[in-house]
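In the working numbering, the protein residues as written are 1 to 390.
C-beta atoms are modelled at their ideal positions from N, C-alpha and C, and glycine is treated no differently.
These notes are about the structure you will find just below.
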Ligand code: PLP
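Laid out in structure tokens, this is it:
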């Protein structure tokens with residue numbers, strides 16, 4: 001089969017691949033626990049499901065406007081107003097097929113061939129491949145575990161060239177769970193605006209932040225510099241709606257038109273029924289997110305206690321999301337010299353699926369998701385510890 005050259009440089013998603021391997025072992029009757037998935041283990045809230053059922057019963061089943069139904073675009077504006085005090089107008093909002101489509105289409109809309117995208121490493125697996133598919137050149141910017149894997153202005157300035165077009169920021173981060181403070185983000189934004197580097201702020205985990213860390217959005221920066229950045233978010237993680245595929249982006253109205261053009265010629269609008277569910281989510285109460293936050297915080301502490309007891313393993317205590325990203329390189333040996341072979345061994349011997357850090361741009365680490373119940377988490381981490389320390 002003849003496939004385009006462009007695809008030869010693209011890797012399949014490592015997290016989805018690891019999950020598929022775990023499913024395969026499960027189907028052979030093995031009791032595999034997956035800590036590889038990036039989704040809450042809670043069901044979608046009842047009021048959201050009810051709104052979708054009502055939409056279906058009311059035959060709300062036709063194409064909708066490409067950038068989203070007006071009430072959802074307004075609900076997105078209302079979300080930012082409610083949590084961050086800035087309400088972007090409807091024409092600055094586009095509803096997308098998950099946060100993923102917003103990101104993909106932003107790269108497509110903004111990049112000319114060969115333009116560079118600064119991506120602080122470790123990074124979410126899809127950013128480099130998305131940039132490549134859009135004709136750009138991903139540039140990984142190093143961070144230090146001692147600085148909670150947060151990028152500094154100095155590191156960004158070192159990586160910048162005349163060809164730099166975009167910087168991707170992700171706080172809380174997947175895979176590290178680490179969060180930037182407002183002061184850190186302000187310093188980076190001042191640098192980016194002064195250097196004319198467009199910022200994409202991926203805020204998909206903003207409802208899953210644990211004190212003393214604080215949720216910070218760059219929407220205030222967007223209000224001051226609407227052509228300097230775009231803010232991406234979605235319903236997947238905050239409302240346990242990963243399969244509904246609803247994300248959104250706030251950007252300059254001209255950029256929203258460009259994103260709409262791409263969407264109109266590729267996928268059209270997001271599923272009409274899912275959009276009605278999203279309106280109910282964003283305009284309803286946020287008690288459900290608080291409930292998930294409390295559970296994830298407890299599990300983070302549980303997981304941190306076990307992981308920190310492993311000699312030689314370093315792991316920052318993350319302020320958000322539901323991942324731990326420990327540096328386990330002190331435990332590498334001739335048989336398991338890197339994160340891929342180690343994860344393979346853990347899968348075979350402990351029957352626990354994890355994702356190798358190399359997929360996130362750091363081969364010293366492995367990623368655990370703690371979006372499973374407490375007993376499963378304890379059982380899985382104890383089994384991993386036994387393999388690691390054997
Ligand atoms: N951004 C980050 C950092 C993610 O971890 C994910 C999903 O795992 C996404 C974006 C995409 O989310 P969605 O399911 O809304 O496409």
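Given residue i as reference, the closest of the options once Cα atoms are compared
i: residue 104; options: 168, 370, 50; result: 168
i: residue 309; options: 89, 386, 128; result: 386
i: residue 70; options: 94, 264, 41, 189; result: 94
i: residue 201; options: 19, 222, 60; result: 222
i: residue 355; options: 3, 19, 307; result: 19
i: residue 235; options: 378, 277, 127, 150; result: 277
i: residue 89; options: 96, 83, 82, 73; result: 73
i: residue 244; options: 293, 44, 122, 346; result: 44
i: residue 76; options: 63, 62, 92, 66; result: 92
i: residue 6; options: 122, 327, 136; result: 136
i: residue 241; options: 34, 22, 42; result: 42
i: residue 256; options: 106, 390, 289; result: 106
i: residue 195; options: 207, 183, 48, 229; result: 229
i: residue 131; options: 173, 112, 237; result: 112
i: residue 53; options: 115, 272, 86, 172; result: 272
i: residue 325; options: 357, 210, 204, 343; result: 357
i: residue 238; options: 17, 34, 40; result: 40
Expected contact under 8 angstroms - CB spacing of residue i and residue j to nearest Å
i: residue 141; j: residue 119; result: 7 angstroms
i: residue 303; j: residue 370; result: 5 angstroms
i: residue 133; j: residue 10; result: 6 angstroms
i: residue 323; j: residue 367; result: 6 angstroms
i: residue 259; j: residue 198; result: 14 angstroms between Cβ atoms; not a contact.
i: residue 231; j: residue 275; result: About 19 angstroms; that fails the 8 angstroms criterion.
Endpoints, alpha helix (DSSP H) assigned at residue i
i: residue 384; result: 374-388
i: residue 153; result: 153-159
Residue span of the beta strand (DSSP E) that contains residue i, given as start and end
i: residue 118; result: 116-120
i: residue 200; result: 198-202
i: residue 188; result: Where residue 188 is concerned, there is no enclosing beta strand (DSSP E), although the alpha helix (DSSP H) it sits in stretches over 182-194.
i: residue 345; result: No beta strand (DSSP E) contains residue 345, which is instead part of the alpha helix (DSSP H) from 339-350.
i: residue 426; result: Since the first residue of the chain shown is 1 and the last is 390, residue 426 is not available in this structure.
i: residue 366; result: 366-369
| query | In chain order, what residues place their C-beta within less than 6 angstroms of a heavy atom belonging to ligand 1? | reply | 38, 98, 99, 100, 124, 170, 174, 202, 204, 234, 236, 242, 247
| message | Which runs of the beta strand (DSSP E) at least 3 residues long sit entirely within the segment 204-290? Give them in chain order. | response | 229-234, 247-250
| said: Please give the ranges of any alpha helix (DSSP H) in the segment 48-119, keeping only runs that are unbroken, at least 4 residues long and fully inside the region. | reply: 70-84, 98-110
| query | Which runs of the beta strand (DSSP E), 3 residues or longer, sit entirely within the segment 125-156? | reply | 137-141
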